[in-house]
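Asks: Numbering-wise (this note's numbering), the sequence shown opens with residue 13 and increments by one. Cβ coordinates follow ideal geometry from the N, Cα and C atoms, glycine included. Because the structure is a prediction, the values reported are computed rather than measured. Have a look at the structure that comes next, please.
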Amino acid sequence: MSNVKVIIEVIDNKAERDNLVERVEVLERVKSLLLLPNLEYATSKQVADFYGVPIKSVNNILLRNRDELLLDGYEQVNGKDLAILKMKSAKIENKRGHILINNEIKIPYNEVGLFPKRAILRVGMLLRDSEVAKEVRTQLLNIEEHTATERQVYIRSAVSIGSK
């Protein structure tokens, strides 16, 4: 099976995405992932920045695949509550219309989408026009090929031991 066919299957086939969604380690292999302080979540903007796409692209993925992302742990929370309740040790500054966390992350006061690593990975499997997402899918493919080869070697070893 060619790499192109497998990569298209990842994008178009939910079962294939479900099979690969636990492989969150590929995110850090491809690019450094900035998460919210003291949380294993990223905002929609952080996900868009990670994949090098407009935030609208992430929002479109969310609209089309909300059920999948919810199963992966995606949630929407009030930005002010998030900052007050969950980021106690971070430096938080109240600004006009948003909160600034550690002088670098803007969180709006209104609803903010939070993506855990599984949901971030799924976004990468669904994005079509991102070089980072393409590299994520390539890394997933490499892991799958390596795992399949290991299984074949193990099965051959078990068969040869059993036939002695």
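So for ALA27, helix, strand or coil by DSSP?
Replies: The answer is helix: DSSP assigns ALA27 an H, G or I state.
Asks: Tell me PRO128's beta-bridge partners as DSSP assigns them.
Replies: BP columns for PRO128 point to TYR53.
Asks: Do LYS26 and GLU80 come within 8 Å of each other at the CB atom, strictly closer than that value?
Replies: In contact: GLU80 and LYS26 (Cβ atoms closer than 8 Å).
Asks: Can you give me the Cβ contacts of GLY125 inside the same chain, cut-off strictly under 6 Å, excluding the 5 residues immediately before and after it?
Replies: Correct list, in chain order: SER56, GLN88.
Asks: Within a Cβ cutoff of 6 Å, which residues of the same chain sit near ILE73, ignoring the five residues on either side of it in sequence?
Replies: Taken in chain order, the residues that qualify are VAL135, LEU138.
Asks: Just mark GLY109 as buried or exposed, buried being the case when its beta carbon has 16 or more other beta carbons within 10 Å.
Replies: With fewer than 16 Cβ atoms within 10 Å of its Cβ, GLY109 is classed as exposed.
Asks: GLU80 lies in the alpha helix (DSSP H); which residues open and close that run?
Replies: First-last of the alpha helix (DSSP H) with GLU80: 78-83.
Asks: Check each candidate in ARG130, GLN151, GLU156 and name the one with the smallest Cα separation from LEU83.
Replies: If we check each option's Cα against that of LEU83, ARG130 comes out closest.
Asks: Can you have a look at PRO66 and say buried or exposed, based on whether 16 or more other CB atoms are within 10 angstroms of its CB?
Replies: Under this definition PRO66 is an exposed residue.
Asks: For the putative contact between ARG123 and LEU112, defined by C-beta atoms under 8 Å, what is the C-beta separation to the nearest angstrom?
Replies: One detail in the question is off: residue 123 reads as Glu in this sequence, not Arg. About 18 Å; that fails the 8 Å criterion.
Asks: Can you tell me where the alpha helix (DSSP H) with LEU39 in it begins and where it stops?
Replies: Where LEU39 is concerned, the enclosing alpha helix (DSSP H) stretches over 37-42.
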